[in-house]
Amino acid sequence: MLRRAIDVAACGLGLLALSPLLALVALVIKATSRGPVLFPQERIGQHGRAFRMWKLRSMYVGADAAKAKLAAATGAASDGVRFKLRRDPRITPIGRVIRKLSIDELPQLFNVLVGDMTLVGPRPPLRREVELYDVRAWRRLEVRPGLTCLWQIGGRSDLSFDEQVALDLEYVDAIRPLDEIRIVARTIPAVLRGRGAY
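So in numbering that gives the first Met the number 0, spot 80 of the sequence shown is number 79, and the numbers just go up one at a time.
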């Protein structure tokens, strides 16, 4: 109950404080590329429950349809589970900026408010990623997914999938409330450095 109260209070204040930035970025997205400002995407949460996660749109319309062709052309699939390209042609110019600074993730504060996510926890995966999980990776889904976690402050996409799983399981098995405060505090400098954000 205390954790939920902290989530609601922190996200409510965060949305109020960040609303001018969100409005400005929304206007820029709308003015520079065709399509909606927000991008909903199915993600898998605690115990395998699916939910709709929100992001600011950072890709051109039709990016999902082009993904299979791009993967086949580049052979780029990180560890056979995650698909990441350092220079993904589907990303808009403003999208590169908001991804680098993780601004595209800010609408997930709404996901925290409604209880799909929490402030600190493993990042929620896509269904196609979960379908490739082994028993060890499935343990990531034992807890509620979060906005930030050890993986988020440790290098993000620069880390292999196995490294991500190891950090997430460290969180699941050993994290304490004080550790979560440290993770939140380290998230801001990690975001500003932009390491692994693409």
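All residues carry an ideal CB built from backbone N, CA and C; glycine is no exception. Computed from a predicted structure; not experimentally measured.
Are residue i and residue j touching if we call contact CB-CB under 9 Å?
| i | j | result |
| --- | --- | --- |
| Ala-189 | Gln-151 | yes |
| Pro-123 | Pro-144 | yes |
| Pro-121 | Arg-95 | no |
| Ala-49 | Arg-56 | no |
| Leu-14 | Leu-23 | no |
| Lys-54 | Asp-87 | no |
| Leu-100 | Leu-26 | no |
| Gln-198 | Val-142 | The chain is shown only over 0 to 197; residue 198 falls outside these bounds and no answer can be derived. |
Kindly list the residues whose CB is nearer than 6 Å to the CB of residue i, restricted to its own chain and excluding five residues on each side of it in sequence; keep chain order.
| i | result |
| --- | --- |
| Asn-110 | Met-52 and Met-116 |
Looking only at its own chain, which residues have a Cβ that is under 7 Å from the Cβ of residue i, when we skip the five neighbours before and after it?
| i | result |
| --- | --- |
| Tyr-59 | Ser-32, Arg-89 and Thr-91 |
| Ile-182 | Val-119, Thr-147, Cys-148, Leu-149 and Ile-152 |
| Leu-17 | Leu-105 |
| Cys-10 | Leu-108, Val-111 and Leu-112 |
With DSSP as the reference, label residue i as helix, strand or coil.
| i | result |
| --- | --- |
| Thr-186 | helix |
| Val-142 | coil |
Closer than 9 Å, CB to CB, is residue i near chain B or not?
| i | result |
| --- | --- |
| Leu-1 | Absence of chain B from the displayed structure is noted, only one protein chain being present. |
For the 8 Å Cβ check, are there 3 or more pairs between the region 125-134 and the region 24-31? Short answer: they don't touch.
Complete beta strand (DSSP E) runs within the region 24-83 (minimum length 3 residues, chain order): If we require 3 residues or more, the beta strand (DSSP E) runs fully inside the region 24-83 come out as 37-43 and 49-55.
For the region 114-181, which segments carrying the alpha helix (DSSP H) assignment without a break, of at least 4 residues, lie completely within its bounds, in sequence order? DSSP runs (the alpha helix (DSSP H)) wholly in the region 114-181: 126-129, 134-137, 149-152 and 160-173.
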